[in-house]
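Enquirer: Numbering (the numbering used here), first residue to last: 179 to 627.
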Amino acid sequence: MKSDYKEIWQQVLDSVQQKIPHESFLTWFGPLRCLDSDNSILNIGVPNRFFYEFLEAHYRKQISEAIEEISSGDLKIKYHIMPAAKSGKVSPKSQIIEPVNRPLSGYDEKTQINPRYSFDNFVEGDGNSFAKAAALAVAEAPGKTPFNPLFIYGSTGLGKTHLLQAVGNFAVSNKKAKRILFATSEKFMNDFIFAIKAYKTTDFSRTYRSVDILLLDDIQFFQGKERTQLEFFHTFNSLYQAGKQIVLTSDRPHKELDDFDKRLISRIGWGLVSDIQPPDFETRLAIVQKRADQEGISLPDDVAEFLSRSIKENIRELESAMIRLVAHCSITGTDLNLPLAKEVLKDLIQEPIIVISIDLIQHQVADHFKIPYDSLIARNRKKDVAHARQIAMFLCTELTNSSLQSIGLHFGNRDHSTVIHARNMISHEITSNTEFGKEIDKLRAKMSG
Ligand code: ADP
Ligand code: MG
Numbered sequence: 179m180k181s182d183y184k185e186i187w188q189q190v191l192d193s194v195q196q197k198i199p200h201e202s203f204l205t206w207f208g209p210l211r212c213l214d215s216d217n218s219i220l221n222i223g224v225p226n227r228f229f230y231e232f233l234e235a236h237y238r239k240q241i242s243e244a245i246e247e248i249s250s251g252d253l254k255i256k257y258h259i260m261p262a263a264k265s266g267k268v269s270p271k272s273q274i275i276e277p278v279n280r281p282l283s284g285y286d287e288k289t290q291i292n293p294r295y296s297f298d299n300f301v302e303g304d305g306n307s308f309a310k311a312a313a314l315a316v317a318e319a320p321g322k323t324p325f326n327p328l329f330i331y332g333s334t335g336l337g338k339t340h341l342l343q344a345v346g347n348f349a350v351s352n353k354k355a356k357r358i359l360f361a362t363s364e365k366f367m368n369d370f371i372f373a374i375k376a377y378k379t380t381d382f383s384r385t386y387r388s389v390d391i392l393l394l395d396d397i398q399f400f401q402g403k404e405r406t407q408l409e410f411f412h413t414f415n416s417l418y419q420a421g422k423q424i425v426l427t428s429d430r431p432h433k434e435l436d437d438f439d440k441r442l443i444s445r446i447g448w449g450l451v452s453d454i455q456p457p458d459f460e461t462r463l464a465i466v467q468k469r470a471d472q473e474g475i476s477l478p479d480d481v482a483e484f485l486s487r488s489i490k491e492n493i494r495e496l497e498s499a500m501i502r503l504v505a506h507c508s509i510t511g512t513d514l515n516l517p518l519a520k521e522v523l524k525d526l527i528q529e530p531i532i533v534i535s536i537d538l539i540q541h542q543v544a545d546h547f548k549i550p551y552d553s554l555i556a557r558n559r560k561k562d563v564a565h566a567r568q569i570a571m572f573l574c575t576e577l578t579n580s581s582l583q584s585i586g587l588h589f590g591n592r593d594h595s596t597v598i599h600a601r602n603m604i605s606h607e608i609t610s611n612t613e614f615g616k617e618i619d620k621l622r623a624k625m626s627g
């Protein structure tokens, strides 16, 4: 059997390849290596933990389907971090390398909780600090605060699942509760349906109603699913009456859940409802940097800023952009830098649609530097005015579609070469003076809303 595992892995790859876009296949499966394995466990080397998590999050289904097809289910995959893959180019024929690192501990099978989602790893910002405080409060005293249920909502990729699981992790490690169950609402429903079919509804009830903390993710999924809602309603009541903690997440406020049992909506209102809003630039940057630190990735500041500035609405996308960069570098053996980041992510990061006018930039810059708008346009040669003017010109070249001529025209009919000069001066200053760079970032952010 020993020699077969390479073949099995190749079959897994072949199967996955048919199911996902070619580009993604190359990015995510190219760097994987089949390590020495046996007939029950396939050891697979990944360049870093990020990579593993991305695979788990995005391709778990395809991989396990492939394995099922090939081995009829008795084969397991174990991933290993293989730092060697970081630098070296990956040869098309996978090379067998002894596992050099500890196997990765992923989800806890029993509680379904991923240890990475902790409060410590959760970066606080204006948009999420209330939700975090509430989550921490219930984790510290499950069932004993008025925050029962705790209902956290917000759009996708903003950390709801992270917070939900952090409650579980905290309660486990600080011994605040014994039995904790995390489930997606989809799993709740599937378990329920299975229980009905197998005449095992008692088992189902026992599983879900005997816990100290129930963490149920994405309950918008219950919309329109009456039977499941009813079952959840009973589960809810049973836990609530026993003083057990319930934490729910949703992608919308509870009052906007359609086709939802009114009694459930009203019960959610008994506890605490908290939203999560998209993070500001500083929070995004802190998240990216923290994540890179944790994974031992050296992310240049300008790349971190580029990422955080470009991807605003979704932390998951922000993280996967970073992973993609890291993956690219590990495949090609290149260093991570800003031009490369821009190139690699160009399809992902859409240039903002430009609605910023020269006029708006002029007013904002004048405002920011507290100088009269008129002097920005006039032939005023005072040093600070001239500097502000150059900044405004620079921003016009960057944020508008206007030609250099047209920009010059708007600044008191100046020549386009003056605009070029301003652009060069300011870009140079941005790269040589970090403080100044930050100030420009702020101005830019203000204008892009
Ligand atoms: P949601 O459930 O709201 O769709 P997730 O909880 O899955 O979002 O978060 C998406 C990714 O972003 C996860 O990897 C999570 O760890 C990360 N993330 C989100 N918010 C934060 C934060 N404030 N600090 C650190 N990581 C975060
Ligand atoms: Mg989620």
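Beta carbons are placed, not taken as given, at the ideal position from N, Cα and C, and that holds for glycine. It should be emphasised that the depicted structure is a prediction, and the values quoted were computed from it without experimental measurement.
Once you ignore the five residues that flank GLU247 on each side, which residues in its own chain have a CB closer than 7 angstroms to its CB?
Expert: Here residue 247 refers to the residue found at position 69 of the sequence shown. Hits under 7 angstroms: SER193.
Enquirer: To the nearest angstrom, how far is it from the Cα of SER428 to the Cα of SER610?
Expert: Counting from one through the sequence shown, the residue named residue 428 turns up at place 250. Counting from one through the sequence shown, the residue named residue 610 turns up at place 432. Near 45 angstroms, if we compare the C-alpha coordinates of SER610 and SER428.
Enquirer: Starting from THR362 and walking both ways along the beta strand (DSSP E), at which residues does that stretch end?
Expert: Numbered from 1 along the sequence shown, position 184 holds the residue referred to as residue 362. Taken as a continuous stretch (DSSP letters only), the beta strand (DSSP E) holding THR362 covers 358–362.
Enquirer: Leaving out five residues on either side along the sequence, give the residues of the same chain with a beta carbon under 6 angstroms from the beta carbon of LEU359.
Expert: To locate residue 359, count along the sequence shown from 1; it is residue 181. Excluding residues within five positions, the ones whose Cβ falls inside 6 angstroms are VAL389, LEU392.
Enquirer: If you drop the 5 nearest sequence neighbours on each side, which residues of the same chain put their C-beta closer than 8 angstroms to that of VAL481?
Expert: In the sequence shown, counting from the first residue as 1, residue 481 sits at position 303. The residues are LEU503, LEU514, ASN515, LEU516, ALA519.
Enquirer: Please identify the residue among LEU577, ASN579, LEU582, PHE589 whose C-alpha is closest to the C-alpha of VAL563.
Expert: Taking the sequence shown and counting its residues from 1, the one referred to as residue 563 is at position 385. Measuring from the Cα of VAL563, the nearest candidate turns out to be PHE589.
Enquirer: If you compare alpha carbons, which of VAL316, ILE618, GLN583 is closest to HIS630?
Expert: Outside the modelled stretch of the chain, which goes from 179 to 627, sits residue 630, for which no answer is possible.
Enquirer: Does the beta-carbon of THR339, which I'm using as the reference point, lie nearer than 7 angstroms to any heavy atom of the ligand MG?
Expert: Here the question's residue 339 lines up with position 161 in the sequence shown. Yes; taking the cut-off as 7 angstroms, the Cβ of THR339 has a heavy atom of the ligand MG nearer than that.
Enquirer: Taking ILE427 as part of the beta strand (DSSP E), name the residues at either end of that continuous run.
Expert: For the purposes of this step, residue 427 is taken as the residue at position 249 of the sequence shown. Sequence inspection shows Thr at residue 427; the Ile mentioned does not correspond to that position. First-last of the beta strand (DSSP E) with THR427: 423–428.
Enquirer: Determine, using beta-carbon pairs with one atom in the stretch 475–495 and one in the stretch 359–370, whether at least three such pairs fall under 8 angstroms.
Expert: Result no; under three Cβ-Cβ pairs closer than 8 angstroms.
Enquirer: With ASP439 and GLN467 assumed to form a contact (beta carbons below 8 angstroms), what rounded beta-carbon distance in angstroms separates them?
Expert: Against the sequence shown, residue 439 aligns to sequence position 261. Against the sequence shown, residue 467 aligns to sequence position 289. That belief does not hold up - the Cβ atoms of ASP439 and GLN467 are roughly 43 angstroms apart, past 8 angstroms.
Enquirer: Sort GLU409, VAL190, ASP298, THR205 by Cα distance to LEU253 and report the nearest one.
Expert: Counting from one through the sequence shown, the residue named residue 253 turns up at place 75. Nearest C-alpha to LEU253: VAL190.
Enquirer: Taking the straight line between their C-alpha atoms, what separation do you get for ALA349 and HIS506?
Expert: Residue mapping note: residue 349 aligns to position 171 of the sequence shown, counting from 1. Residue mapping note: residue 506 aligns to position 328 of the sequence shown, counting from 1. Going by the C-alpha atoms only, they are around 38 angstroms apart.
Enquirer: Spatial neighbours of ARG559 within its chain, please: CB distance less than 6 angstroms, with the 5 preceding and 5 following residues excluded, ordered by chain position.
Expert: Counting from one through the sequence shown, the residue named residue 559 turns up at place 381. The answer is none, since no qualifying residue turns up.
Enquirer: For ARG622, is the beta carbon positioned less than 7 angstroms from some heavy atom of the ligand ADP?
Expert: For the purposes of this step, residue 622 is taken as residue 444 along the sequence shown, with counting starting at 1. It does not: the Cβ of ARG622 is nowhere closer than 7 angstroms to a heavy atom of the ligand ADP.
Enquirer: Identify, in the order they occur along the chain, each residue of the same chain with its Cβ nearer than 6 angstroms to the Cβ of PRO270, setting aside the five sequence neighbours on each side.
Expert: As a working note, residue 270 is residue 92 in the sequence shown. Interpretation of PRO270 is limited by its pLDDT of 32, a score under 50 that renders its predicted location unreliable; the figure taken from the coordinates is listed afterwards. Cβ within range, chain order: n/a, list empty.
Enquirer: Look up GLY615 in the DSSP assignment and say whether it is helix, strand or coil.
Expert: Counting from 1 along the sequence shown, the entry for residue 615 is found at position 437. Residue state, collapsed to three classes: helix.
Enquirer: Is ILE534 buried or exposed, if buried means 16 or more other CB atoms sit within 10 Å of its CB?
Expert: Within the sequence shown, residue 534 is the residue found at index 356, counting from 1. Flag for ILE534 reads buried.
Enquirer: Would you say ILE536 and SER580 are within 8 angstroms of each other, going by their C-beta atoms?
Expert: If you number the sequence shown from 1, residue 536 lands on position 358. If you number the sequence shown from 1, residue 580 lands on position 402. Against a cut-off of 8 angstroms, the Cβ pair of SER580 and ILE536 comes out as a contact.
Enquirer: With DSSP as the reference, label TYR257 as helix, strand or coil.
Expert: Here residue 257 corresponds to residue number 79 of the sequence shown, with the count starting at 1. TYR257: strand per DSSP, three-state reduction.
Enquirer: Using the Cβ count rule (16 or more neighbours within 10 Å means buried), how would you classify LEU526?
Expert: Numbered from its first residue, the sequence shown carries residue 526 at position 348. Label assigned to LEU526: exposed.
Enquirer: In angstroms, rounded to a whole number, what distance separates the CA positions of VAL543 and LEU496?
Expert: Position 365 of the sequence shown, counted from the start, is the residue given in the question as residue 543. Position 318 of the sequence shown, counted from the start, is the residue given in the question as residue 496. Cα to Cα, the separation comes out at about 29 angstroms.
Enquirer: State the Cα-Cα distance for the pair GLN455 and LYS561, rounded to the nearest angstrom.
Expert: Sequence index remark: in the sequence shown, residue 455 carries index 277 (1-based). Sequence index remark: in the sequence shown, residue 561 carries index 383 (1-based). Each residue's Cα considered, the two are about 41 angstroms apart.
Enquirer: Are there any heavy atoms of the ligand ADP lying less than 7 angstroms away from the beta-carbon of GLU364, as far as the coordinates show?
Expert: The residue you call residue 364 lines up with position 186 of the sequence shown. No, Cβ of GLU364 sits at least 7 angstroms from all heavy atoms of the ligand ADP.
Enquirer: If contact is defined by three or more beta carbon pairs under 8 angstroms, each pair taking one atom from either stretch, is the stretch 315–322 in contact with the stretch 371–389?
Expert: They do not touch, by the three-pair rule.
Enquirer: Mapping the DSSP letters down to three states, classify LEU336 as helix, strand or coil.
Expert: For the purposes of this step, residue 336 is identified with residue 158 of the sequence shown, where counting begins at 1. The answer is coil: DSSP assigns LEU336 none of H, G, I, E or B.
Enquirer: Using 8 angstroms as the cut-off, can you tell me whether the stretch 318–331 makes contact with the stretch 419–437, which would need three or more C-beta pairs spanning the two stretches below that distance?
Expert: With the cut-off at 8 angstroms, the stretch 318–331 and the stretch 419–437 touch.
Enquirer: For THR323, I'd like the list of residues in its chain whose CB is within less than 7 angstroms of its CB, leaving aside the five on either flank, ordered along the chain.
Expert: Residue mapping note: residue 323 aligns to position 145 of the sequence shown, counting from 1. Hits under 7 angstroms: ALA315, VAL316.
Enquirer: Give me the DSSP bridge partner(s) of LEU450.
Expert: As a first step, residue 450 is located in the sequence shown; it is residue number 272 there, counting from the start. LEU450 is bridged to LEU328.
Enquirer: Looking at the secondary structure, which residues open and close the beta strand (DSSP E) in which GLY402 lies?
Expert: On the sequence shown, residue 402 is found 224 positions in, with the first residue counted as 1. Taken as a continuous stretch (DSSP letters only), GLY402 belongs to no beta strand (DSSP E), as it is neither H nor E.
Enquirer: Under three-state DSSP, which class holds ASN221?
Expert: On the sequence shown, position 43 is the one that residue 221 refers to. In this structure, ASN221 counts as strand in the three-state DSSP scheme.
Enquirer: According to DSSP, is SER269 part of a helix, a strand, or is it coil?
Expert: Here the question's residue 269 lines up with position 91 in the sequence shown. Interpretation of SER269 is limited by its pLDDT of 34, a score under 50 that renders its predicted location unreliable; no figure is taken from the coordinates.
Enquirer: If you check the beta carbons only, do GLY337 and ILE493 fall under 8 angstroms apart?
Expert: Within the sequence shown, residue 337 is the residue found at index 159, counting from 1. Within the sequence shown, residue 493 is the residue found at index 315, counting from 1. Their beta carbons are under 8 angstroms apart, which means GLY337 touches ILE493 by this criterion.
Enquirer: Please name the residue, chosen from ILE604, GLN343, LEU477, GLN583, that lies closest to LEU573 on a Cα-to-Cα basis.
Expert: Here residue 573 is taken as the residue at index 395 of the sequence shown, counted from 1. Minimum Cα distance to LEU573 is reached at ILE604.
Enquirer: Determine whether the beta carbon atoms of ILE501 and PHE232 lie at a separation below 8 angstroms.
Expert: Indexing the sequence shown from 1 puts residue 501 at position 323. Indexing the sequence shown from 1 puts residue 232 at position 54. Against a cut-off of 8 angstroms, the Cβ pair of PHE232 and ILE501 comes out as a contact.
Enquirer: Could you check where the beta strand (DSSP E) with ILE549 kicks off and where it finishes?
Expert: Here residue 549 is taken as the residue at index 371 of the sequence shown, counted from 1. Looking at the DSSP string, ILE549 is not in any beta strand (DSSP E), and its letter there is neither H nor E.
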